[in-house]
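In UniProt numbering, the protein residues as written are 1 to 658. Even for Gly, the Cβ is constructed at its ideal location relative to N, Cα and C.
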């Protein structure tokens with residue numbers, strides 16, 4: 001049965017309820033469940049915006065037209081989404097079987113929860129981008145099966161952009177997967193209570209991304225200081241060690257925007273404060289760094305050791321993630337001054353009281369000392385083993401809500417900073433979910449290998465992150481795991497990765513380098529990882545790249561302004577700027593950095609030239625040779641070790657070559 005409700009449409013059939021509502025420009029939201037719809041399940045969408053949508057029911061079909069998208073609901077409850085201007089089909093639900101199940105299936109897992117399936121049709125030639133960050137190495141993800149679960153280096157943001165002109169947000173933080181098969185698309189939640197998804201349409205990918213930002217939140221304006229160089233290694237063990245690196249940057253005249261105090265700077269995991277034996281004057285350290293033009297970023301983990309001074313109170317007040325069975329223990333991890341590992345718990349970031357408790361400790365022990373940049377490491381959360389079904393959060397059972405954790409963790413810091421009067425908020429996060437961008441979350445690609453193959457994977461991963469609505473992104477330059485300073489191949493990798501990193505939204509050097517030197521925890525301290533640590537030849541090249549980034553910073557900030565205002569990511573695939581160029585949709589190893597720079601990273605050892613497709617509709621200038629190249633063709637470009645191919649759109653002025 002179909003009827004109109006409050007500007008939308010509702011269908012009832014058997015025990016199913018399906019509601020379709022306008023939700024922002026050119027967009028609709030669909031919720032479906034058994035018996036009734038629920039309003040207490042967290043998601044990424046805010047309040048319903050007002051629209052000029054029109055609804056009507058005629059001949060057994062209901063239609064909701066909202067700008068460029070029209071939703072049709074048949075008397076059998078089947079949905080189709082059309083482009084309003086052409087009435088062409090964008091996306092349609094699909095039955096799994098002519099008898100049962102239909103496009104939606106609910107299989108009981110007990111106590112009112114279900115294994116949920118939502119099916120859509122597949123289309124010949126469709127390409128799919130977004131879905132967060134993954135290590136599968138794919139650019140176009142059509143044909144892939146993608147887990148919807150948070151893991152180190154695997155970030156679940158269930159928003160995709162289709163070459164057919166629509167975007168779809170699976171507005172459920174439940175653990176599950178999406179299967180982008182040739183015979184249909186299937187979204188699966190392992191154990192949840194209802195379906196919730198949002199579909200938007202636009203004339204081009206930029207419009208789809210703008211609608212998504214409006215629906216889930218715009219990123220704040222990136223602070224100007226954050227567009228510079230971030231220095232990090234695993235790890236600076238003492239205040240003196242960190243300050244010596246910062247002072248060496250100043251002695252050499254090198255720019256340094258951020259330097260990082262990584263984990264183990266604390267007394268115990270979950271104390272959220274400096275160890276006074278190793279960091280005796282953090283306030284003085286912050287003052288001296290700021291006089292140099294450098295911010296201190298501090299690693300803050302969401303895990304709490306039983307040795308922490310906060311553990312007993314947090315357990316007593318119910319601020320730790322609960323377990324369905326057994327004590328609230330979620331992982332084993334090393335703690336300060338303890339040989340071996342201890343059993344740690346994670347605070348419940350979905351609980352407002354727990355977020356407030358953690359922020360109060362952070363404010364007292366860091367912000368009041370002048371620290372204002374946060375590294376939210378391990379924020380998937382990194383549970384071991386990864387069995388969310390045994391966890392129960394304030395927001396609900398683990399299987400139903402777990403993926404929202406990193407967004408809620410970032411939210412606690414964002415809201416705490418704003419309440420403290422801080423207008424600029426940057427949190428570097430190892431995981432994210434839909435809407436994380438509105439909390440000032442910068443995502444990085446996690447603990448990745450230090451190989452050329454990994455670099456190639458990062459290029460594609462970064463472009464899909466951009467299409468997932470996260471404009472602030474970076475990698476560990478040089479990779480995280482490993483890196484032999486004496487290896488010629490690794491030195492070349494570091495240079496090539498740095499050449500790529502200069503054109504990422506954020507520029508950050510980090511890694512777990514050889515040799516390992518910490519006596520108590522040899523796995524917890526890596527070797528030197530400064531720009532001068534790899535020999536004079538590498539240093540000269542990295543130095544030149546640091547100053548290239550400095551020249552680019554005004555251009556970077558213009559791009560960040562666009563990201564803040566329109567949702568347009570600074571780094572993006574070629575097809576975002578050239579959607580009418582069919583060949584641009586296949587390029588996953590080069591990208592646009594803003595509208596005027598085409599970047600073609602070198603990701604093969606020993607390569608000194610590479611081919612790159614130049615989109616049609618404009619011509620491209622080599623800033624080093626001055627040559628002007630036509631669009632719509634593949635060019636073979638020189639790539640000496642001192643630079644990677646970067647082209648400037650004809651008529652633009654960007655100071656790449658100085």
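Residue pairing of residue 184 in beta bridges, as defined by DSSP: 181. Under the 10 Å beta carbon count, residue 636 is surrounded by fewer than 16 other beta carbons and is classified as exposed.
Residue 111 carries a coil assignment under DSSP once its states are collapsed to helix, strand and coil. Of the residues 366, 163 and 531, the one whose Cα lies closest to the Cα of residue 299 is 366. Per DSSP, residue 247 lies in no beta strand (DSSP E); the unbroken alpha helix (DSSP H) holding it starts and ends at 239-252.
DSSP places residue 273 in the coil class of the three-state scheme, outside both helix and strand.
Ranked by how close their Cα comes to the Cα of residue 289, the residues 550, 531, 370 and 405 have 370 in first place. Excluding sequence positions up to five before and after residue 34, its CB lies within less than 7 Å of the CB of 15, 16 and 106, all in the same chain and listed in chain order. In terms of CA proximity to residue 572, 587 leads the group 587, 582 and 395. Nearest to residue 92 by alpha-carbon distance, out of 23, 70 and 240, is 70. Within a 10 Å sphere around the beta-carbon of residue 287 sit fewer than 16 other beta-carbons, which makes this residue exposed. In the DSSP assignment, residue 384 falls outside any alpha helix (DSSP H), carrying neither H nor E. DSSP places residue 575 outside any beta strand (DSSP E); the residue lies instead in the alpha helix (DSSP H), whose first and last residues are 574-577. Shortest Cα-Cα distance from residue 189 to any of 479, 380, 109 and 368 involves 109. When the beta-carbon positions are compared, residue 472 and residue 413 stay at least 8 Å from each other. Taking residue 160 as reference, the option from 144, 154, 143 and 132 with the minimal CA-CA separation is 132.
Shown here, residue 66 sits in a strand according to DSSP, grouped into three states. Secondary structure of residue 498 (DSSP, three-state): helix.
The beta carbons of residue 50 and residue 212 sit no closer together than 8 Å. Between residue 229 and the set 545, 101 and 619, the nearest pair of CA atoms involves 545.
Rounded to whole angstroms, residue 508 and residue 81 show a C-alpha spacing of 42 Å. Distance from the CA atom of residue 615 to the CA atom of residue 632, rounded to whole angstroms, is 5 Å. When the five nearest sequence neighbours on each side are left out, the beta carbons in the same chain lying within less than 8 Å of the beta carbon of residue 101 are those of 95 and 117, in order along the chain. Linking residue 601 to residue 612 through their CA atoms gives a straight-line distance of about 10 Å. Classified as buried, residue 196 has 16 or more neighbouring CB atoms from the shown chains inside 10 Å of its CB. Runs of the alpha helix (DSSP H) lying entirely within the stretch 395-459, each at least 4 residues long, are 398-401 and 405-419 in chain order. Under the 10 Å beta carbon count, residue 409 is surrounded by 16 or more other beta carbons and is classified as buried. Apart from the 5 residues on each side of it in sequence, residue 510 sits with its Cβ closer than 6 Å to the Cβ of 232 and 476 in its chain, given in chain order. Judged by DSSP in its simplified three-state form, residue 299 adopts strand.
When the Cα atoms are used, residue 324 and residue 395 turn out to be separated by approximately 14 Å. Counting C-beta pairs with one atom in each stretch, the stretch 589-603 and the stretch 639-653 have three or more that are closer than 8 Å, which means they touch. Taking C-beta atoms as the reference points, residue 331 and residue 380 fail to come closer than 8 Å.
In this structure, DSSP gives residue 261 an extended state, which the three-state scheme calls strand. Taking 8 Å as the cut-off, the Cβ atoms of residue 278 and residue 238 count as close.
Within the same chain, and ignoring the five residues on either side of residue 4 in sequence, the residues whose Cβ sits closer than 6 Å to its Cβ are 55. For the pair residue 513 and residue 531, the CB atoms are not nearer than the 8 Å cut-off.
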